[in-house]
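A.B. asks:
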Amino acid sequence: MQVEGSVPATSSVQENLVHLCQRVYQELSGASVVPLVSVEFRPYRSSLAVASRRAQALQVRLAEVFRQAPPRVVEAVLYVVLGKLLKRPVSPAYRKQYLAFLRTLEPAGMRTHSSTVRPHQVRWKGRWFDLRALFDELNRRFFDGRLPKPWLGWSRWPLRSHWGRYDPVRHAIILNSRLDRPDVPRLVVEYVLFHEMLHIALPTQTLGHRCDVHNSAFRAFERKFPAADRARQLLASLGP
Ligand SMILES: [Zn+2]
Numbered sequence: 016m017q018v019e020g021s022v023p024a025t026s027s028v029q030e031n032l033v034h035l036c037q038r039v040y041q042e043l044s045g046a047s048v049v050p051l052v053s054v055e056f057r058p059y060r061s062s063l064a065v066a067s068r069r070a071q072a073l074q075v076r077l078a079e080v081f082r083q084a085p086p087r088v089v090e091a092v093l094y095v096v097l098g099k100l101l102k103r104p105v106s107p108a109y110r111k112q113y114l115a116f117l118r119t120l121e122p123a124g125m126r127t128h129s130s131t132v133r134p135h136q137v138r139w140k141g142r143w144f145d146l147r148a149l150f151d152e153l154n155r156r157f158f159d160g161r162l163p164k165p166w167l168g169w170s171r172w173p174l175r176s177h178w179g180r181y182d183p184v185r186h187a188i189i190l191n192s193r194l195d196r197p198d199v200p201r202l203v204v205e206y207v208l209f210h211e212m213l214h215i216a217l218p219t220q221t222l223g224h225r226c227d228v229h230n231s232a233f234r235a236f237e238r239k240f241p242a243a244d245r246a247r248q249l250l251a252s253l254g255p
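Add 15 to a position in the sequence shown, counting from 1, and you land on the number used in the numbering used here.
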C-alpha cells in the first residue's frame, strides 16, 4: 500500500488555520502565551485529525477531507482534538458538528482522493447482511456507542486479497462481498466488521493493513470479541 508524506497547507489557508488553532488552544487551556502552531494536511492517515505538543510547539494534522470543509467544521474539529490533547471538556455541539460533517462525505464527492476504496467498486447495500445494523450493535456492545459511524459497504465483486478494509481518508469500511451470502455465519461478518471498527477506534501512525497496525494494544482489544477463534476458523474454511 502506498504511503504519501504530508503536504503543507497553502499559505493563506495555513495562516487562518494557525490563528484558529491558537485561539481555540488559548480558550481551552486558559494560557496567556500564544503557542507556536504548525498545521498540515495529510493525504493518507489512519486518524482524521490529531494534535500533539513538542516542547512549546503545537502540531495539528488533518486529513485531506478537511481541506474543503466549511470553517465551522474545521473549528469544531480543532475543539475536539485540542480538547482531547489538553484533557479539557468541550461542548458536545463540536463533536456533533464534526460527526455530521463525516456523514456528508459521500464517496462520489471524494473522487479526487486516490485510495484503495473506489466508489464504483462498492455496493452500499448488502443482500444478506445489513452492515449499518451490525455496526450499531457492535458499537453499543464494544465501544459504548461512541465510534463515529463510517460509510459501510460491500465490495462490488468478491475479492481475494482481504476480508475487510478500513479506508481512513473516506472514513469507510468495505467488506468483501464473498461474506454477504446466506451460508456465511453472522458471527464471521461481525468479527470482520469488528476488526475494521478497531482500526477506527485505535488509529496508528501507519496505514492500511500492514502488520504493524495490528500491535499488541490492537490484539488485546480484539480478544474482547467472544468466539474470535471460532470466527477465524470459519473464515479460514471459506478459503483464500
Ligand atoms: Zn486490520
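For every residue, glycine included, the Cβ atom is placed at its ideal position computed from N, Cα and C.
Would you mind reading off the limits of the beta strand (DSSP E) that contains Gly141?
C.D. replies: Where Gly141 is concerned, there is no enclosing beta strand (DSSP E), given that its DSSP letter is neither H nor E.
A.B. asks: Could you tell me the boundaries of the beta strand (DSSP E) in which Ala64 lies?
C.D. replies: Taken as a continuous stretch (DSSP letters only), the beta strand (DSSP E) holding Ala64 covers 64 to 69.
A.B. asks: Can you give me the C-alpha to C-alpha distance between His186 and Val75, rounded to a whole angstrom?
C.D. replies: So the two alpha carbons sit approximately 19 Å from each other.
A.B. asks: Indicate, with yes or no, if ligand 1 has a heavy atom lying under 7 Å from the CB of His214.
C.D. replies: At least one heavy atom of ligand 1 is nearer than 7 Å to the Cβ of His214, so yes.
A.B. asks: Could you tell me which residues DSSP pairs with Ser170 in its beta bridges?
C.D. replies: Val137.
A.B. asks: By how many angstroms is the C-alpha of Ala72 removed from the C-alpha of Asp244?
C.D. replies: Each residue's Cα considered, the two are about 45 Å apart.
A.B. asks: Using CA coordinates, which residue listed in Arg110, His229, Pro104, Phe144 is at the minimum distance from Pro163?
C.D. replies: Of Arg110, His229, Pro104, Phe144, the residue nearest in Cα terms is Arg110.
A.B. asks: If I measure Cβ to Cβ from Leu43 and keep anything under 8 Å in the same chain, skipping five residues before and after, which residues do I get?
C.D. replies: Same-chain partners within the cutoff: Tyr94, Leu97, Gly98, Leu101, Arg103, Val105.
A.B. asks: Report yes if the CB atom of Val54 is closer than 8 Å to the CB atom of Gln37, and no otherwise.
C.D. replies: The answer is no: Cβ separation not under 8 Å.
A.B. asks: Check the DSSP bridge columns for Asp182 and list the partner residues they point to.
C.D. replies: Note: Asp182 sits in a beta bridge opposite Ala187.
A.B. asks: What is the DSSP secondary structure of Phe116, reduced to helix, strand or coil?
C.D. replies: In the structure shown, Phe116 sits in a helix (DSSP, three-state: H, G or I).
A.B. asks: Check whether the Cβ of Val228 lies closer than 7 Å to any heavy atom of ligand 1, and answer yes or no.
C.D. replies: Flag set: Cβ of Val228 near ligand 1.
A.B. asks: How would you write the range of the alpha helix (DSSP H) that Arg76 sits in, first residue to last?
C.D. replies: Element bounds for Arg76: not the alpha helix (DSSP H) but the beta strand (DSSP E), 72 to 78.
A.B. asks: Starting from Arg234, follow the alpha helix (DSSP H) in both directions and report where the run begins and ends.
C.D. replies: That run of the alpha helix (DSSP H) goes 231 to 237.
A.B. asks: Leaving out five residues on either side along the sequence, give the residues of the same chain with a beta carbon under 6 Å from the beta carbon of Val191.
C.D. replies: Checking the displayed sequence, the identity of residue 191 turns out to be Asn instead of Val. Around Asn191: Ser170, Leu174, Trp178.
A.B. asks: Under DSSP, the beta strand (DSSP E) around Arg57 begins and ends at which residues?
C.D. replies: Taken as a continuous stretch (DSSP letters only), the beta strand (DSSP E) holding Arg57 covers 51 to 57.
A.B. asks: To which residues of the same chain is Arg142 closer than 6 Å at the C-beta, ignoring the five residues directly before and after it?
C.D. replies: Cβ within range, chain order: Asp195.
A.B. asks: Give the DSSP-derived three-state secondary structure of Asp198 in the structure shown.
C.D. replies: DSSP places Asp198 in coil when its eight states are reduced to three.
A.B. asks: Just checking His186 against ligand 1 - is the residue's beta carbon closer than 7 Å to any of the ligand's heavy atoms?
C.D. replies: No, ligand 1 has no heavy atom inside 7 Å of this Cβ.
A.B. asks: For Phe116 versus Val88, is the C-beta distance shorter than 8 Å?
C.D. replies: Yes, Cβ-Cβ distance for Phe116 and Val88 is below 8 Å.
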